Each structure stands twice: as structure tokens, then as C-alpha cells.
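Report on the following structure.
There are 2 protein chains.
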Amino acid sequence: MARSSQTEVAVLGALATEPMTGYALREAIRDVLGHFWSESFGQIYPALAGLEQQGLVERQGGDGRGAVYAVTETGHARLRELLMQPIQTGPPRNGLLLRLFFGRTLGVAACRDLVTQAKTEAQQRLREYEALAAQVAGEERHATDAPFWQLTISAGRHSAQAAIAWADECLSALDTIDTQEHTA
Amino acid sequence: MARSSQTEVAVLGALATEPMTGYALREAIRDVLGHFWSESFGQIYPALAGLEQQGLVERQGGDGRGAVYAVTETGHARLRELLMQPIQTGPPRNGLLLRLFFGRTLGVAACRDLVTQAKTEAQQRLREYEALAAQVAGEERHATDAPFWQLTISAGRHSAQAAIAWADECLSALDTIDTQEHTA
DNA sequence: TTGGCCATGTAACTTGTTACATGATTAA
DNA sequence: TTAATCATGTAACAAGTTACATGGCCAA
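Here the protein sequences come in this chain order: A and B.
Each residue of the first sequence is one higher than the last, beginning at 1 in the numbering used here.
Each residue of the second sequence is one higher than the last, beginning at 1 in the numbering used here.
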């Protein structure tokens, strides 16, 4: 129980892919899951300690520094169990849409800037996903995981493309509002 | 300072649209901003009390129950200021993608179920957005706000459509994985 | 021998949610 | 007169982030 079981999923899942140290785990979560998940430093170590106490992971190698954590049999079973639990969705929090909603107060020009910036960021993300997809496709380790990883990358691509299309639509719409205000 | 300024934006913004009671405010945030924002009950009242103390909102009508809050001059200035601050984005947390990433452990069949469910939900959301857009277009109060509100609804539509397209792509891809496993 | 990175943790703080407590008003 | 809804708040808890503290190892 303890820690949000979501954190346990991320930690157990990452270790199931490949045993590693706590430090490497933190980097893997940041770099590999980073596009759709995050765990802060202060969550990972306590979670790891808890998992070890429950016998879901065990240290391999020296007990001291540099100890590599691996998922036990029980740990694999627990992971499967956790993965099948209903997905917990957090409350939505989109700062961009919150600002646009109050666009009358913010002003059309500032709205344009925000949307333009969002579009640029989405384009950047899109390039990152393309690169990531190519990289995953090229690796031979994790070959059995790769098809699943591609699904998550594809989700990012679709989302970024949608953001770009929306931004373009927005910019046209904002022009219309602008015109109306001037001519009214 | 105090409360996260994000909560202040939501509260001040909603009251700027139209003065209302704390109770109505809670409902407005849930029902109107609900697709991209949320504030819990326990945040709204303290935030409101803080804003009143800073002179950014004031009570109109009886001091007791049923008092309507309205944004003051200073409050409008503060809102404009807050809206122009850089957008704070929370860390990403997508439970569906987290599960798919560990799809090898979860199993292809369970992945299919998750994706199918996600698709159904996206279709549902899409219908909600269509209805919402029609409703906003039909209202004559808030006519100057409507164009901005449509932008946020459009964002939801694009996002839902992207989710549906991605889900279809996923389902095909999952079939392929399935086939490979059986033939390999 | 110093700076950077690997490595492990803790403690304080912020944020946010849930449940509880209270009471007025209104419709059945 | 009873249940629902409007209305206002608080307190306890859960979750999550940041900054701090520590030390080994290795390369310049």
C-alpha cells in the first residue's frame, strides 16, 4: 500500500525491463518514461526501500553502494497485478487553455503569442518523437519491448500533431476576433 | 503569494466573467472549466478568503450566507498580471501509456482492452465537446467570451480525435504483435 | 587536488484531496 | 416534516517537490 501504487508500477516496471541501481532508475524514468510519466527523486528511493522490504525487489551485488536492484518472482506477480488495476487519472490542469478561456481579459495579442509558442513546442516535440522512434527501432536489446514502446511514442506523435493543427485553427480564429473588434 | 497563483487565476477569472457565490464558483469551475481545469472544494474557499483580504474581490449583498463575490478594480489588474505570467506545466502522468509501455508484462490482450476502452472514452468526450460547442454558440450572454471559449472546446475536440486515431493504429499494431508471437 | 558525476538518502515544505461539521432554505 | 439542495467552512491526511547532506570514484 503505502506509496501511491502508481509509483510502484513505474519502479517495478522499469526494473523488470532491466535490473539497475537506484540512480540509474531515476535516470531511466526521466529519460525513457519522461514523455508520459515522472517520479521525483524523493519518491524513488523510499519506494525502492518499501519494495525491498516487501520482498518484491532484491539487491544484487555488494550491499553498499552500486547495488543493483532486480525484481523477484513475487515482484513480477505484483507488477502484473498492479498493471491490471484501473487507471487512475489525475484532475486535468491545462494552463494554456485556462488562459485562453479568459482571453477577453488577457487580450487577443497575448493569446496569439501563447498559441504560437504552444505550436512551436509541439513541433519540437514532434521532432523528438521521430528521433526516438528511429532509435527504439534500431536497438536490438529490448526487441520484445520495442513494439509496445512504439505505441507510446505514436501516442506522443498524434498528440503533437493534433496540437499543431489546433494551433493553426486558433490563430485563424483569433484573427477573426481581432477584426470584429476593430470593425465593431 | 500564498495559494498557488494558478488557483487564483481560476477563481479571479471565473468571478470576472460573472460575480457569484462561493458555491456557484465551485460549480462553475467543475462544470465550465472542467474539461481542462479543476480545483478541489478545499482550495476554493481559502483562496476566496485570501483574495478578499488582499482586496482583489469583495462581497456584495448580505455579509452572511449567499454573499456574492465580485472582482474589484485591483482584482482585474491582478488577473491581467497573473494571466501574463509563464504557464506552469505539471509533470506528465499518463497511466494508460505507463501500462502500455510495460505491455510485454501486461500481455497483448489486456493492452487491447485498455486501448479499446480509451477509444470509447475519447468518442464519448468528442460527443460532449460537440454538444458544448453548440450550447456556447447558442447563448447570447457571454457573447464576447464565446469566441475564446470555442478555442478551448476546439482543443478538446482535436485531442479526442487524435486519441481515436491513435487507438485505431494501436489496435492494428497489437494484432501484429499477437501474430508474431504465435508464428515465432 | 579539484571538479564532476555516480550514488544514497532525508527533511522540510507545498499542494491538493477527502471527509467532516454545520446550518439555512425550499420543494415534496 | 423530511429530504434535497444551497452554502460555508475546517481539519486531517495524502502526495509530491525541493533542497540539503554525505561520500566514493575518476579524470584533468
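From the three backbone atoms N, C-alpha and C, an ideal C-beta is built for every residue, glycine too.
None of these values were measured; they are calculated from a predicted model.
What residues from chain A crowd round residue i, counting only those whose CB sits closer than 9 Å?
| i | result |
| --- | --- |
| residue 104 of chain B | 16, 17, 144, 145, 147 and 148 |
| residue 25 of chain B | The premise fails here: residue 25 of chain B is roughly 14 Å from chain A at the closest Cβ pair, so nothing lies under 9 Å. |
| residue 154 of chain B | 166, 169, 170 and 173 |
In the structure shown, what three-state DSSP assignment does residue i receive?
| i | result |
| --- | --- |
| residue 85 of chain A | coil |
| residue 157 of chain B | helix |
| residue 32 of chain B | coil |
| residue 124 of chain A | helix |
| residue 39 of chain B | coil |
| residue 26 of chain B | helix |
| residue 59 of chain B | strand |
| residue 143 of chain A | coil |
| residue 67 of chain B | coil |
| residue 2 of chain B | Legend: pLDDT at residue 2 of chain B = 45, less than 50; position of this residue unreliable, value from coordinates given subsequently. In the structure shown, residue 2 of chain B sits in coil (DSSP, three-state: anything other than H, G, I, E or B). |
| residue 10 of chain B | helix |
Taking 9 Å as the cut-off, decide whether the C-beta atoms of residue i and residue j are in contact.
| i | j | result |
| --- | --- | --- |
| residue 105 of chain B | residue 50 of chain A | no |
| residue 75 of chain B | residue 55 of chain B | yes |
| residue 82 of chain A | residue 5 of chain A | yes |
| residue 9 of chain A | residue 98 of chain B | yes |
| residue 90 of chain B | residue 125 of chain A | no |
| residue 143 of chain B | residue 100 of chain A | no |
| residue 95 of chain A | residue 150 of chain B | no |
| residue 48 of chain B | residue 11 of chain B | yes |
| residue 7 of chain A | residue 60 of chain A | no |
| residue 174 of chain A | residue 68 of chain A | no |
| residue 66 of chain A | residue 21 of chain A | yes |
| residue 177 of chain A | residue 148 of chain B | yes |
| residue 137 of chain A | residue 167 of chain A | no |
Using beta carbons (cut-off 9 Å, strictly below), is residue i in contact with chain A?
| i | result |
| --- | --- |
| residue 80 of chain B | yes |
| residue 73 of chain B | no |
| residue 176 of chain B | yes |
| residue 135 of chain B | no |
| residue 42 of chain B | no |
Would you mind telling me which residues of chain B sit closer than 9 Å to residue i, beta carbon to beta carbon, in chain order?
| i | result |
| --- | --- |
| residue 54 of chain A | Here the premise fails: no neighbours, minimum Cβ distance about 18 Å. |
At the 9 Å Cβ level, is residue i part of the contact set with chain B, yes or no?
| i | result |
| --- | --- |
| residue 20 of chain A | no |
| residue 1 of chain A | Note that residue 1 of chain A scores a pLDDT of 40, beneath 50, so its modelled location is shaky and nothing firm can be said. |
| residue 50 of chain A | no |
| residue 161 of chain A | yes |
| residue 34 of chain A | yes |
| residue 126 of chain A | no |
List the residues of chain A that residue i touches, going by C-beta distances under 8 Å, in chain order.
| i | result |
| --- | --- |
| residue 87 of chain B | 95, 96, 99 and 114 |
| residue 130 of chain B | Chain A residues near residue 130 of chain B: none, gap ~16 Å exceeds 8 Å. |
List, in order along the chain, the chain A residues whose C-beta lies closer than 7 Å to that of residue i?
| i | result |
| --- | --- |
| residue 90 of chain B | 93 |
For residue i, which residues in chain B fall below 7 Å Cβ to Cβ?
| i | result |
| --- | --- |
| residue 9 of chain A | 98 |
| residue 110 of chain A | 84 |
Going along chain B in order, which residues have a C-beta closer than 8 Å to the C-beta of residue i?
| i | result |
| --- | --- |
| residue 6 of chain A | 93, 95 and 98 |
| residue 13 of chain A | 98, 101, 102 and 105 |
message: Three Cβ pairs or more, each shorter than 8 Å: is that satisfied between the segment 149 to 164 of chain B and the segment 152 to 165 of chain A?
response: The segment 152 to 165 of chain A and the segment 149 to 164 of chain B touch, with three or more beta-carbon pairs separated by less than 8 Å.
message: I'd like to know if the segment 13 to 26 of chain B and the segment 38 to 54 of chain B are in contact, where contact means that at least 3 CB-CB pairs between them fall below 8 Å.
response: Contact holds: three or more Cβ-Cβ distances are below 8 Å.
message: Measuring CB atoms only, is the segment 131 to 141 of chain B touching the segment 107 to 119 of chain A, in the sense that at least three cross pairs come out at less than 8 Å?
response: Contact between the segment 131 to 141 of chain B and the segment 107 to 119 of chain A is absent: fewer than 3 CB-CB pairs across the two stretches fall below 8 Å.
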